[in-house]
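Working notes for the structure below.
In our numbering, the protein residues as written are -19 to 393.
Pasting the structure below:
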């Protein structure tokens, strides 16, 4: 019954709804009824008060050890030539509160996207200090003053601005949006080389002043620029510390479109777009859940309506650019959410770009998006997402497409 043509093709994507029953019985459970499993669990927990911690640790060890060993992967170095050193347990503990009190974020590149990220973080009270870095210093100072003048209406956030990197010292997270726009008629390789030069100038400065910061790359092409940033940084930066925003926004678009078609809230819809942040991205319909219920039946392949939704996801950015000239608000909110996960050491699972060599039979040094555990150290684990055969083939094709472009500049870095 949806009259909006844009979503008309999604009408057959549905889940079963059941009307609530209207019973006249007021008794929920008789007094003679056996105790529920929840009641039994509570009684057992109470009886083991003195050894409660051991009891729950035993449950965790017994039931979750296999999950931890089989379904999570450590971050992968940017190149097969780098010897992987398994991180010590101490590197994966939460950041102590005394260190976490200063939540400083640097944004390098303050165009429409960089400013949208800063604005979202200020309004969501995510960071205690935001350092803005851009070559256009006069305009940057104007933007920083504009943001500061609203200080009476949000929690205390220090806002710094400069064309130099001294103000970025001791950042917990560095977000890189800087990059060159494509000129009319410019060859793809030439644009790539110019953006590589930009990344080469940024990364050493970032590491000079914040050597332990997580680094999130937004610059397009996101996956290749993330790989470039990791290689420029070198093997002394642990795997996973540098990652890209990847398909986090694309996954949000998927959730929003499915939720709109079903008339429910997007936060009750879960699912992933993986692979390239671009045309070869893979919509993992087998992962989509609505209120915990799979959207597809076991073994079912996506149909025409699902493909229509995927096309809408692919065209979303272009449609916005056609109307307003750029995109900024959605990516701003996306990256603010990523920043919160890093600064709070939240360990949330987000589809971000990281090295996927060795996963799903991918052999090249490519960075693609897969669901990852994101915390204070950036990507802390990669989730082994179960894909259908067609989804796995599409992910491998996405890796091949990215590598065909990346290999032109990879060995020269």
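Backbone N, C-alpha and C define an ideal beta-carbon position, used for all residues, glycine too.
With distances taken Cα to Cα, identify the nearest neighbour of residue 428 among 264, 288, 89, 289.
This structure cannot settle anything about residue 428, because the visible part of the chain is limited to -19 through 393.
Classify residue 369: buried if its beta carbon has 16 or more other beta carbons within 10 angstroms, exposed otherwise.
Here residue 369 refers to the residue found at position 389 when the chain shown is read from its first residue. Residue 369 comes out exposed.
Under three-state DSSP, which class holds residue 393?
To locate residue 393, count along the chain shown from 1; it is residue 413. If DSSP states are grouped into helix, strand and coil, residue 393 belongs with coil.
For residue 331, which residues does DSSP report across the bridge?
In the chain shown, counting from the first residue as 1, residue 331 sits at position 351. Bridge partners of residue 331: 351.
If you run the structure through DSSP and keep just helix, strand and coil, what is residue 105?
Locating residue 105 in the chain shown gives position 125, where the first residue counts as 1. Reduced to three states, the DSSP call for residue 105 is coil.
Within the same chain, show all residues whose beta-carbon is closer than 7 Å to that of residue 153, passing over the 5 residues directly before and after it, in chain order.
In the chain shown, residue 153 corresponds to position 173, counting from 1. So the qualifying residues of the chain are 85, 193, 194, 196, 319, 322, 323.
Are residue 395 and residue 151 close, meaning C-beta to C-beta below 9 Å?
This structure gives no information on residue 395, because the portion of the chain shown stretches from -19 to 393.
Figure out for me which residue from 348, 121, 138 has the closest Cα to the Cα of residue 105.
In the chain shown, counting from the first residue as 1, residue 105 sits at position 125. Checked all of 348, 121, 138; the closest Cα to residue 105 is 138.
Can you name, in chain order, every residue of its own chain whose Cβ lies under 8 Å from the Cβ of residue 375, other than the five neighbours on each side?
For the purposes of this step, residue 375 is taken as residue 395 along the chain shown, with counting starting at 1. Counting only Cβ-Cβ distances below 8 Å, and skipping sequence neighbours, we find 254, 255, 262, 340, 342, 348, 367.
Which residue from 393, 292, 99 puts its Cα closest to that of residue 125?
Reading the chain shown from its first residue, position 145 is the one you call residue 125. Ranking the options by Cα distance to residue 125, first place goes to 99.
For residue 7, which residues in the same chain have their Cβ closer than 7 Å to its Cβ, ignoring the five residues on either side in sequence?
To locate residue 7, count along the chain shown from 1; it is residue 27. Its pLDDT being 36, under 50, residue 7 is placed unreliably in this model, and the value from its coordinates should be taken loosely. Once the five neighbours on either side are set aside, residue 7 has no close Cβ partner at all.
Select from 346, 115, 248 the residue whose C-alpha is nearest the C-alpha of residue 398.
Only positions -19 to 393 of the chain appear in the structure, and residue 398 is not among them; the question remains open.
May I have the straight-line CA-CA distance separating residue 92 from residue 311, to the nearest angstrom?
Here residue 92 refers to the residue found at position 112 when the chain shown is read from its first residue. Here residue 311 refers to the residue found at position 331 when the chain shown is read from its first residue. So the two alpha carbons sit approximately 10 Å from each other.
Any idea what DSSP makes of residue 277, helix, strand or coil?
Locating residue 277 in the chain shown gives position 297, where the first residue counts as 1. In the structure shown, residue 277 sits in coil (DSSP, three-state: anything other than H, G, I, E or B).
If you follow the alpha helix (DSSP H) that residue 290 is in, where does it begin and where does it stop?
Here residue 290 corresponds to residue number 310 of the chain shown, with the count starting at 1. 284 to 304 is the extent of the alpha helix (DSSP H) around residue 290.
Take the Cβ of residue 293 as the centre, count every other Cβ of all protein chains shown within 10 Å, and call the residue buried at 16 or more, exposed below.
The residue you call residue 293 lines up with position 313 of the chain shown. So residue 293 counts as buried.
If distances are taken between C-alpha atoms only, which option among 218, 186, 184, 172 comes closest to residue 199?
Translated into the one-based positions of the chain shown, residue 199 becomes position 219. Here the closest residue by C-alpha is 172.
Mark residue 360 as exposed unless 16 or more other C-beta atoms lie within 10 angstroms of its C-beta, in which case mark it buried.
Numbered from its first residue, the chain shown carries residue 360 at position 380. The residue is buried, with at least 16 neighbouring Cβ atoms inside 10 Å.
Could you tell me the alpha carbon to alpha carbon distance between residue 385 and residue 130, rounded to whole angstroms?
As a first step, residue 385 must be located in the chain shown, where it is residue number 405. As a first step, residue 130 must be located in the chain shown, where it is residue number 150. Distance between the alpha carbons of residue 385 and residue 130: 44 Å.
Go to residue 140, then tell me how far its beta strand (DSSP E) extends in each direction, as first and last residue.
Translated into the one-based positions of the chain shown, residue 140 becomes position 160. Looking at the DSSP string, the run of the beta strand (DSSP E) that includes residue 140 is 138 to 142.
Counting only the same chain and skipping the five closest in sequence on each side, list residues whose C-beta sits under 7 Å from that of residue 372.
Indexing the chain shown from 1 puts residue 372 at position 392. Same-chain partners within the cutoff: 340.
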